[in-house]
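So the structure is just underneath, and the comments pick up after that.
Protein chains in written order, with my numbering: chain A, -19 to 390; chain B, 1120 to 1456.
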């Protein structure tokens, strides 16, 4: 048409860039306790609005309020706080170890500790996680020894995966933790397959899939949703929306859909959105979703709204693409502080005991680190055996690998 | 002994594997109720129920990705990709995941899956139903790659693949489904009923992975072939009158190098043939191995005959297909060289 204007490409931009004033006024946050808790067998179409809201339990005063409160005793809550503190102390130590040249790479989950720690407590023994690289909380809250994680990070002689993978790519079948790939989103559809297998086998175990906001753009995310939807697989589909995919803000992956949770609607999957920095809310929602999956009512999609307070990895500098103060301006606060304040508010905790616990946990992490370093680090001390790279490619080493191992001198 | 087509033999392999092991599940596009577009899974859903044989969404990454998850759980999935040409959306799952899970987890998790797919042309399938992508899999550490050439082997190899504890890519030459096609597209096809390798034992047996077989003994030149090219090689030997020894590799990885080396040392000459495109094809690996291991026994350069480095054409299919005339000419050339 002669009078039509030229087309223009829409490239979404975050609200602010470095040098600007952090602004989260566009993030609509309901008051704690205001979102209904439907029965676990609710029809997905009856809770569509939950994909646009945020389930929250802890209010500004540190009180646990509303229908999602009350899934944990004070003792369990305190144990959750300690889990998150362990994760944070572990991250701090390992970040330092990487800076000291003891390993090649590290990834923290600063600010996101509540999600994996609380989710793990809602699972049962035998359930299986298909995690990304930022769910170390699943292992720590599950009681996996920190020294084993460090052995992996250092690729030392006791590394359970023999120095073959980048740091943090853990694997522990016994702890319900599928081997981390490092390729993004591949594990999401695998979790659905594991859950299908559990159903085929008339088992009662469920799977949990994990993905970040950025990786929901991958085809494997959509493959996971369609298979989960078609076969009503007993799987909880977790999206950790920490706002940033390395330097790319979440709007690039989200596109026009408003929220990541809303992606589930086209598949008829009940989709919830939860305050990812609220340990109690995460636990309550995880428990609800896991129960629904285990009762053969099909998959649940959960979006955890959180903020990646640290760099993507030790190879990243976020000051190049977002304001340095943005983390402090994040309206959902810090998960450790919030749970600590709650425990103090209910009289189960005090600032003094918190400081004491911090010191204990620091000492615990340091002791684990010393123990791990006795087995070597990436660049010093004993090392993973070079001979090992030829093992486990197949169950039985084929002739070509035997020849190559000999040629390599092992 | 019962005589079967390759389709019937593959179907029978599924039945045997599923009866022996309740952990074997079968799915893919059109695989369940209908029994697959080539009918290789016909009757399985009726026999074993919908939870062990079912239709999947059209999503190859999803088919292989879920199979990997099922294998991690402890099942033994055997999935179908409708045509090898459609496997690429699943390539990341195969290369980055299935192939490496055992290694990257130091055996904590394993991936015993079989990924079946019809391969090769000669059916007027054009570029989307004719490809031979085996080299894209032989290049990947951690995978086994199998190409059967007849009903007897197809059944035994498929059972072996399903029972194997590693991921196996199982390429079925679709031009061989109904008979031993030798590249003479203008002649009637011999049905498997009239070929000795159409005799398929009942019940359970395996053809071990990693073992080649000499299909035609000869003294003059060794032809390394697999799939459809086994019959093209036999026809070329007959047409040229050259006493070629034809080796059917059957498994491309792990490769039976001993059988290859013994034959080439005996004949002193080698021609490699495949339907896939020439450049960086599996023939390049074979030629390199032959010169590394048999150089001082060679009387002539190793010759490769393959599909041209073009997309697989439709109307010009027989220009592309490395038929017996091209192979016979190469045999003559190698003998004269």
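Just so you know, even glycine gets a beta-carbon here, dropped at the ideal spot from N, CA and C. It should be emphasised that the depicted structure is a prediction, and the values quoted were computed from it without experimental measurement.
Secondary structure at residue 377 of chain A: coil, using DSSP grouped into helix, strand and coil.
Segment contact: the segment 36 to 55 of chain A against the segment 296 to 308 of chain A, fewer than three CB-CB distances shorter than 8 angstroms; contact not assigned. Three or more pairs of CB atoms, one per stretch, sit closer than 8 angstroms, so the segment 312 to 323 of chain A contacts the segment 48 to 68 of chain A. Residue contact with chain B for residue 177 of chain A: present (Cβ-Cβ distance below 8 angstroms to some residue of chain B). The residues 33 and 35, in chain order, have a CB closer than 6 angstroms to that of residue 15 of chain A in the same chain once the five nearest residues on each side in sequence are set aside. A:134 is the residue among A:269, A:311, A:326 and A:134 whose C-alpha sits nearest the C-alpha of residue 80 of chain A.
Legend: CB atoms of the segment 182 to 212 of chain A lying less than 7 angstroms from CB atoms of chain B belong to residues 199, 200, 203, 206, 207 and 210. At least one beta carbon of chain A lies nearer than 8 angstroms to the beta carbon of residue 1220 of chain B. Comparing C-alpha distances from residue 275 of chain A to each of A:-12, A:306 and A:20 shows the shortest one belongs to A:20. Annotation: the segment 1199 to 1250 of chain B contains the following complete segments of the alpha helix (DSSP H) (minimum length 4 residues), in chain order: 1220 to 1223. Distance from the CA atom of residue 151 of chain A to the CA atom of residue 266 of chain A, rounded to whole angstroms, is 22 angstroms.
For residue 1341 of chain B, same chain residues with a beta-carbon under 6 angstroms away, outside a window of 5 residues either side, are 1364, 1382, 1383, 1386 and 1389 in chain order. From the beta-carbon of residue 247 of chain A, no residue of chain B is found nearer than 7 angstroms; the closest lies around 11 angstroms away. Between residue 1259 of chain B and residue 131 of chain A, the alpha-carbon positions lie close to 28 angstroms from each other.
In the DSSP assignment, residue 131 of chain A falls within the alpha helix (DSSP H) that extends over 126 to 134.
With fewer than 16 other Cβ atoms from the protein chains shown falling within 10 Å of its own Cβ, residue 1162 of chain B counts as exposed. From the beta-carbon of residue 151 of chain A, the residues of chain B found nearer than 8 angstroms are 1223, 1224, 1225, 1227 and 1228. From the beta-carbon of residue 174 of chain A, the residues of chain B found nearer than 8 angstroms are 1188, 1189, 1191 and 1192. DSSP places residue 92 of chain A in the coil class of the three-state scheme, outside both helix and strand.
Secondary structure note for residue 190 of chain A: its beta strand (DSSP E) is the uninterrupted segment 187 to 192.
Annotation for residue 251 of chain A: the continuous beta strand (DSSP E) segment containing it runs 251 to 255. Distance from the CA of residue 0 of chain A to the CA of residue 180 of chain A, rounded to the nearest whole angstrom, comes to 54 angstroms. Take residue 27 of chain A, set aside five residues on each side of it, and the residues of its chain with a beta-carbon closer than 7 angstroms to its own are 18 and 250, in chain order.
Using a 10 angstroms sphere on the CB of residue 1152 of chain B, the tally of other CB atoms stays under 16, which defines it as exposed. DSSP places residue 1451 of chain B in the helix class (H, G or I) of the three-state scheme.
In this structure, residue 1309 of chain B lies away from residue 1239 of chain B, with their beta-carbon atoms at least 8 angstroms apart.
Residue 1174 of chain B has B:1147 as its beta-bridge partners, per DSSP.
Bridge pairing for residue 97 of chain A: absent [DSSP]. About 6 angstroms separates the beta carbon of residue 1379 of chain B from that of residue 1366 of chain B, a gap short enough to meet the 8 angstroms contact definition.
Relative to residue 168 of chain A, the option among B:1124, B:1181, B:1276 and B:1164 whose CA is nearest is B:1181. Contact annotation: residue 31 of chain A and residue 244 of chain A have beta-carbon atoms nearer than 8 angstroms. Of all residues in the segment 1280 to 1305 of chain B, only 1283, 1284 and 1285 come within less than 9 angstroms of chain A when Cβ atoms are compared, listed by chain position. By the 16-neighbour rule on beta-carbons within 10 angstroms, residue 1338 of chain B is exposed. For a Cβ distance threshold of 7 angstroms, nothing in chain B lies close to residue 365 of chain A: the least Cβ distance comes to about 12 angstroms.
The straight-line gap separating the alpha-carbon atoms of residue 353 of chain A and residue 157 of chain A is approximately 24 angstroms. Annotated three-state conformation of residue 9 of chain A is coil, per DSSP.
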